[in-house]
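Q:
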Amino acid sequence: MQSSESTLIASKQLLEDLLQELQTNNKDLSVREARDSLNKSLGLDGCGPGLSDEEQRLQADRWLSWARQKHQLKVVTAAVPQLGISPHLRTAVVHDVRVFTRHGPDDAVYDANKEFREKVARGNSFLEIPAGPDRGTYCVIHALKKFTGGLGDDDDKDRGDNHTWKRYFTKPLEEATTVVATRKANGEAAHLGARLVGGKVVLCGGSKNVHMLFTQRGHIEKYKESRYQVAREVCTAIMDLLDDMSDLHRQRLESFLVHTGYTAVFEVLQPHHQHVEDLSYLKRSELRFIAWTSTDLEPRSNSQLCSMAPHMAIEIARTMGLPTVQYELVPASEVETRMKQIRQGYGYEGEVLYFLDADGAVIGLLKKKTIWYIVIRAIREKVRNAAQAYTKKSDFDINRSDKKLRQRIGEIQQWLGLDEESVAAWRDLAHKFLHWIINNLRTRHVTMEEVAGVFPVVWNRFLSDTGLSDHVTSQWEEPEGSDD
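Offset between the sequence shown (1-based) and our numbering: plus 740.
Below is the structure:
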């Protein structure tokens, strides 16, 4: 289907179409809640921001002007390649904005800066068109705000306390009435937005910090710089998804993105680049929808972290043929029990918990990882470092690597309050895996590329070869830490 203004479904018709399918597919869904969410999203019946182009331009100009004054924010500007979409894009540029740190992850910056937590998403992209009827700067991607978890729940964080995550809530935790528990996909961040330019639907997609404009597969390869590597993979997965869609589903998706200005937030699962969960069953990279987020940069209230309740967002995404993460609704009074169940999980990363207040607004998000994932990810990092040192023959000492593994698992024991028996089992497994890896690198039965790129495949091969199991039963009591 060629994207153009004439193929867009009018807002009111889109609302009725989506409502009808929502009712057909999910009898338990509240029709009133669904209609309210769609009215607000589409700016109908006096609901929602319904920002004019002029308001969008002014917001974008103010936001970028503010960002350029912050030394901890980095604005990267890149020219849009000659795509042949519209003459108005010939001199256009895209500005990507992110929190900047010279070393390590951005957690410390977000932890210390309330303004960044409120205004800077993990994915901020602006399209600037210098000339023509669409002249101006517009926010085309504004993804999920930064959120975190306790010790062990953030992959890049190994110090702090078990209460920092509460700073990222817009209201006290006690105001939550319902929790939406979504399965955490073990992939990379991916974003999709859309805007009319010269009467044509132009897509904007990419990874956490790098985005590109495109309307067809051939446009993706025009972004040749190395910084676009992950963004190219994401946008290829987007094109695969769009090509697999029916014309109706693609029309609904593009119409919804244009009318709402929303960003569709996904995780992309890549069989050629696996973390801890085994994705070998995939024949190609695939997307999993997570949430809709708003590009309204000056919302009337900062108390809403998503454009709508996540379970409603997922159900709406399904009416457009989007593959989604799974979810369950949990009463807030039962969230402690749910978090214990997550910790005990096996074979998956964990869950993201969305906390909703009585009005259905998302007031906070929390990552909760399985013990299985936390420990195996730590083993992966330490063994990968050891394997790199071995292949480079640079002062490699297997006993030193073994000691680092033991220490890391000991740190995890402190974070999570793990029992001695399970810690001993994990240390034994890690010790044997380290020696198995080095032996197999020596005999060339395993390559460094496999260790770095498809770790779960290598891990499962180790378990199969040795007859060992990573299904370790743990007892634990997580430290409360400090509220300071």
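The C-beta atom is built at its ideal place from N, Cα and C for all residues, glycine as well.
Taking 8 angstroms as the cut-off, decide whether the C-beta atoms of L953 and V820 are in contact.
A: The residue given as residue 953 occupies position 213 in the sequence shown. The residue given as residue 820 occupies position 80 in the sequence shown. In contact: L953 and V820 (Cβ atoms closer than 8 angstroms).
Q: Where does S1204 land, buried or exposed, given buried means 16+ other C-beta within 10 angstroms?
A: Locating residue 1204 in the sequence shown gives position 464, where the first residue counts as 1. S1204 comes out exposed.
Q: Between the Cα of L997 and the Cα atoms of R1167, E794, C944 and K1132, which residue gives the shortest distance?
A: Here residue 997 corresponds to residue number 257 of the sequence shown, with the count starting at 1. Measuring from the Cα of L997, the nearest candidate turns out to be C944.
Q: Taking 8 angstroms as the limit between beta carbons, can you name the residues of its chain near F1195, skipping five residues before and five after?
A: Sequence index remark: in the sequence shown, residue 1195 carries index 455 (1-based). Correct list, in chain order: Q1014, H1015, V1016, R1120 and R1124.
Q: Does the contact criterion of 3 or more C-beta pairs under 8 angstroms hold for the region 1048–1056 versus the region 1073–1086?
A: Judged by Cβ distances under 8 angstroms, the region 1048–1056 makes no contact with the region 1073–1086, as fewer than three pairs qualify.
Q: Comparing alpha-carbon positions, which option in E773, G933 and L784 lies nearest T1033?
A: By 1-based counting over the sequence shown, the position of residue 1033 is 293. Out of E773, G933 and L784, G933 has the C-alpha closest to the C-alpha of T1033.
Q: With a CB to CB cut of under 8 angstroms and the five nearest residues on each side skipped, what residues in its chain are close to D1135?
A: Here the question's residue 1135 lines up with position 395 in the sequence shown. Result list for D1135: A1129, in chain order.
Q: If you follow the beta strand (DSSP E) that E1068 is in, where does it begin and where does it stop?
A: Indexing the sequence shown from 1 puts residue 1068 at position 328. Unbroken beta strand (DSSP E) run through E1068: Y1067 to P1071.
Q: Since I believe L1027 is in contact with P1071 (beta carbons under 8 angstroms), could you give me their beta-carbon distance rounded to a whole number of angstroms?
A: Stepping through the sequence shown from its first residue, residue 1071 is reached at position 331. Stepping through the sequence shown from its first residue, residue 1027 is reached at position 287. Incorrect: roughly 30 angstroms between the Cβ atoms, too far for contact.
Q: Helix, strand or coil for L1019, going by three-state DSSP, please let me know.
A: Along the sequence shown, one-based indexing puts residue 1019 at 279. In the structure shown, L1019 sits in coil (DSSP, three-state: anything other than H, G, I, E or B).
Q: Using 8 angstroms as the threshold, is the C-beta distance between I1111 and L1156 below it?
A: As a position in the sequence shown, residue 1111 is number 371, starting the count at 1. As a position in the sequence shown, residue 1156 is number 416, starting the count at 1. Cβ atoms of I1111 and L1156: closer than 8 angstroms.
Q: Starting from A1126 and walking both ways along the beta strand (DSSP E), at which residues does that stretch end?
A: Taking the first residue of the sequence shown as 1, we reach residue 1126 at position 386. Run containing A1126: none in the beta strand (DSSP E); it sits in the alpha helix (DSSP H), I1111 to K1132.
Q: For V839, which residues of its own chain have a beta-carbon under 7 angstroms away from its beta-carbon, when the five flanking residues on both sides are left out?
A: As a working note, residue 839 is residue 99 in the sequence shown. Correct list, in chain order: Q812, L813, D846, V849, Y850, F856 and V860.
Q: By the 10 Å Cβ neighbour count, where 16 or more other Cβ atoms means buried, how is D1140 classified, buried or exposed?
A: As a first step, residue 1140 is located in the sequence shown; it is residue number 400 there, counting from the start. Looking at the sequence shown, residue 1140 is not Asp but Arg. With fewer than 16 Cβ atoms within 10 Å of its Cβ, R1140 is classed as exposed.
Q: How many angstroms separate the CA atom of H828 from the CA atom of A1101?
A: Stepping through the sequence shown from its first residue, residue 828 is reached at position 88. Stepping through the sequence shown from its first residue, residue 1101 is reached at position 361. When rounded, the distance between both Cα atoms is 38 angstroms.
Q: Using the Cβ count rule (16 or more neighbours within 10 Å means buried), how would you classify G1001?
A: Indexing the sequence shown from 1 puts residue 1001 at position 261. When all chains shown are included, G1001 counts as buried.
Q: By DSSP, does I1228 sit in helix, in strand, or in coil?
A: No answer is possible for residue 1228: the residues shown for the chain start at 741 and end at 1224.
Q: What's the C-alpha gap between Q760 and A1049?
A: If you number the sequence shown from 1, residue 760 lands on position 20. If you number the sequence shown from 1, residue 1049 lands on position 309. Their backbone Cα atoms lie some 19 angstroms apart in a straight line.
Q: Compute the Euclidean distance between the alpha carbons of H1175 and V1197, then round it to the nearest angstrom.
A: Against the sequence shown, residue 1175 aligns to sequence position 435. Against the sequence shown, residue 1197 aligns to sequence position 457. So the two alpha carbons sit approximately 17 angstroms from each other.
Q: Apply the 10 Å Cβ neighbour rule to A1031 and answer buried if 16 or more other Cβ atoms are within range, or exposed otherwise.
A: One-based indexing of the sequence shown puts residue 1031 at position 291. Classification for A1031: buried.
Q: Alpha carbon to alpha carbon, how far is M1052 from P873?
A: Taking the sequence shown and counting its residues from 1, the one referred to as residue 1052 is at position 312. Taking the sequence shown and counting its residues from 1, the one referred to as residue 873 is at position 133. So the alpha carbons of these two residues sit roughly 36 angstroms apart.
Q: Could you pull out every residue in the same chain whose Cβ sits closer than 8 angstroms to the Cβ of K897, ignoring the five residues on either side in sequence?
A: Within the sequence shown, the letter at position 157 stands for residue 897. Confidence in K897 is poor, its pLDDT being 49 and thus under 50, which makes the residue's placement unreliable; the coordinate value appears in the next sentence. Cβ neighbours of K897 beyond the five flanking positions: P845, D847, T888 and L891.
Q: Just checking my contact of A1098 with T910 at CB under 8 angstroms: how many whole Å lie between their CB atoms?
A: The count along the sequence shown starts at 1 and reaches residue 1098 at position 358. The count along the sequence shown starts at 1 and reaches residue 910 at position 170. Not confirmed; about 14 angstroms, so no contact.
Q: Taking a contact to mean a Cβ-Cβ separation below 8 angstroms, would you say D1159 touches S1214 in this structure?
A: Locating residue 1159 in the sequence shown gives position 419, where the first residue counts as 1. Locating residue 1214 in the sequence shown gives position 474, where the first residue counts as 1. Their beta carbons are under 8 angstroms apart, which means D1159 touches S1214 by this criterion.
Q: Opposite D1238 in the DSSP bridges: which residues?
A: Outside the displayed span of the chain (741 to 1224) sits residue 1238, for which this structure offers no information.
Q: Let me check understanding here. Comparing Cα to Cα, which of G876, K1144, A1127 and S1073 lies closest to A800?
A: Counted from its first residue, the sequence shown places residue 800 at position 60. Comparing Cα-Cα distances from A800 to each of G876, K1144, A1127 and S1073, the minimum goes to G876.
Q: Using only the alpha-carbon positions, how far apart do C787 and Y1088 sit?
A: Taking the first residue of the sequence shown as position 1, residue 787 is located at position 47. Taking the first residue of the sequence shown as position 1, residue 1088 is located at position 348. For C787, the pLDDT reaches just 48, beneath the cut-off of 50, and the residue's location in the model is therefore unreliable, leaving the point undetermined.
Q: Distance check for M1188 and N1179, CA to CA, integer angstroms please.
A: Counting from one through the sequence shown, the residue named residue 1179 turns up at place 439. Counting from one through the sequence shown, the residue named residue 1188 turns up at place 448. Whole-angstrom Cα-Cα distance: 12 angstroms.
Q: Just to confirm my understanding: we take R992, look at its own chain, exclude 5 residues before and 5 after, and list those with CB closer than 6 angstroms. What are they?
A: Within the sequence shown, the letter at position 252 stands for residue 992. The answer, listed in chain order, is M1060.
Q: So, is A871 buried or exposed, given that buried needs 16 or more other C-beta atoms within 10 angstroms?
A: Taking the first residue of the sequence shown as 1, we reach residue 871 at position 131. Classification of A871: exposed, given that the 10 Å Cβ count is below 16.
Q: For the candidate residues T976, D984, D1210 and C975, whose alpha-carbon lies nearest to that of G1085?
A: Here residue 1085 refers to the residue found at position 345 of the sequence shown. Closest by alpha carbon: D1210.
Q: Tell me whether T976 sits in a helix, a strand or coil according to DSSP, three-state version.
A: Along the sequence shown, one-based indexing puts residue 976 at 236. Three-state DSSP puts T976 in a helix.
Q: Can you tell me whether DSSP reads K1144 as helix, strand or coil?
A: Taking the first residue of the sequence shown as 1, we reach residue 1144 at position 404. Reduced to three states, the DSSP call for K1144 is helix.
Q: Tell me whether Q969 is buried or exposed, calling it buried when 16 or more other Cβ atoms sit within 10 Å of its Cβ.
A: What you label residue 969 is simply residue 229 of the sequence shown in a count that begins at 1. The residue in question, Q969, is exposed, as its Cβ has fewer than 16 Cβ neighbours within 10 Å.
Q: In the DSSP assignment, what are the bridge partners of I1178?
A: As a working mapping, residue 1178 is identified with position 438 in the sequence shown. Answer is none; I1178 lacks a bridge partner.
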